[in-house]
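This report concerns only the one structure given below.
2 protein chains.
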Amino acid sequence: MVVSKTDLFEEVLQERAYLFKALAHPARLQILQFLSQTKTCISCDISEELPLSRTTVKQHLKELKNVGLIKGTVEGVKTNYCLDYEKVDEMKKILNGFLQEIEFPKDFCCK
Amino acid sequence: MVVSKTDLFEEVLQERAYLFKALAHPARLQILQFLSQTKTCISCDISEELPLSRTTVKQHLKELKNVGLIKGTVEGVKTNYCLDYEKVDEMKKILNGFLQEIEFPKDFCCK
DNA sequence: ATGTTAGGACGTAAATATACGTCGCATTGA
DNA sequence: TCAATGCGACGTATATTTACGTCCTAACAT
């Protein structure tokens, strides 16, 4: 890449791209789905749900934590993961913002 | 990566991840935004709008074309790009599907 | 006290993405 | 006819992501 040029773009675009990147792997989507379905905190036996090794799953968890979509609270020997309500809400706003901007009229040109 | 494991996941997750991946770069988001704003077909002078070289922009255009979000129609010496209405609509459905699934109740556990 | 278990930190190999330059072909205008 | 212009195809260097293994430490149970 020689040098990343991502910071030459508008803030909004960067923010969205960053979010999309976090969502750009089925493992991470499944983790989010799982946490949302169980509606409880879950320790890292999530790895048993995914067709990936423990280490790899942990890496994906870390990435989700970095963007803030999930948080992990240490409870003795285990770490419980759950969705971060605030951030998930923010994500929805960002996605909806994107969806609205891409809106275009029915009588769109291109043939 | 040794070998990609993405196809070991549910189809829906794969489809979503694939879409998110396409949206995971500010350049591609700006292209979509631009095409949506101008509401016309645009030849490849899009590159003048972005802080990237012609070649790189073309690569991003190609990726967007691969997922089907835009289409390019050759018109003599130029290629006109525009949003693919159908696919954009499909994208919205996919994104909304994701947003709905990640829904969770106000009385969510985690402290 | 000691084994077990969960998770963090670190390292590594391979795949993929990003960014760019160059070359060649086809169409258009002079 | 011929130069110029636009774009596709190809190649390449570096960055990042993906996937995994190993080692170490802390807490819990026996």
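Chains A and B, in that order, give the protein sequences.
Numbered according to the working numbering, the first sequence terminates at residue 111, and the numbering increases by one at each position without gaps.
Numbered according to the working numbering, the second sequence terminates at residue 1111, and the numbering increases by one at each position without gaps.
Backbone N, C-alpha and C fix where the C-beta goes; we use that ideal spot for every residue, glycine too.
Computed from a predicted model, the values in this text were never measured in an experiment.
Once the 5 residues before and after residue i are set aside, which same chain residues still bring their CB inside 8 Å of it?
i, result
"residue 1036 (chain B)", "1083"
"residue 111 (chain A)", "Legend: pLDDT at residue 111 (chain A) = 47, less than 50; position of this residue unreliable, value from coordinates given subsequently. Cβ neighbours of residue 111 (chain A) beyond the five flanking positions: none."
"residue 6 (chain A)", "14 and 17"
"residue 30 (chain A)", "49 and 50"
"residue 61 (chain A)", "31, 44, 46, 70, 72 and 81"
"residue 1079 (chain B)", "1043, 1044, 1072 and 1073"
Quick one: does the C-beta of residue i sit closer than 7 Å to a heavy atom of the ligand ATP?
i, result
"residue 42 (chain A)", "Although the ligand ATP was asked about, the structure shown includes no ligands whatsoever."
Give the secondary structure of residue i by DSSP, where H, G and I count as helix, E and B as strand, and everything else as coil.
i, result
"residue 83 (chain A)", "strand"
"residue 1094 (chain B)", "helix"
"residue 21 (chain A)", "helix"
"residue 102 (chain A)", "coil"
Give the range of the alpha helix (DSSP H) segment to which residue i is assigned.
i, result
"residue 2 (chain A)", "Careful: residue 2 (chain A) lies outside any alpha helix (DSSP H) and carries neither H nor E."
"residue 65 (chain A)", "54-67"
"residue 1038 (chain B)", "1026-1038"
Note the first and the last residue of the continuous beta strand (DSSP E) segment covering residue i.
i, result
"residue 1073 (chain B)", "1070-1075"
In terms of alpha-carbon separation, which member of the options lies closest to residue i?
i, options, result
"residue 95 (chain A)", "A:15, A:11 and A:32", "A:15"
"residue 1033 (chain B)", "B:1018, B:1050 and B:1019", "B:1050"
"residue 1008 (chain B)", "A:11, A:60, A:26 and A:85", "A:26"
"residue 1100 (chain B)", "A:100, A:89, A:103 and A:98", "A:89"
"residue 1098 (chain B)", "B:1002, B:1012 and B:1003", "B:1012"
"residue 4 (chain A)", "B:1102, B:1056 and B:1103", "B:1056"
Between which residues of its own chain and residue i is the CB-CB distance below 6 Å, once the five residues before and five after are set aside?
i, result
"residue 21 (chain A)", "none"
"residue 1087 (chain B)", "1068 and 1069"
"residue 1081 (chain B)", "1042, 1070 and 1072"
Excluding sequence positions up to five away, which residues of its chain have a Cβ less than 7 Å from the Cβ of residue i?
i, result
"residue 65 (chain A)", "71 and 72"
"residue 1019 (chain B)", "1067, 1091 and 1094"
"residue 1023 (chain B)", "1029"
"residue 134 (chain A)", "Since the displayed chain A opens at 1 and closes at 111, residue 134 (chain A) lies outside it and no answer follows."
"residue 10 (chain A)", "none"
If we count Cβ pairs, one from each stretch, closer than 8 Å, do we get three or more for the segment 42-62 of chain A versus the segment 73-82 of chain A?
yes
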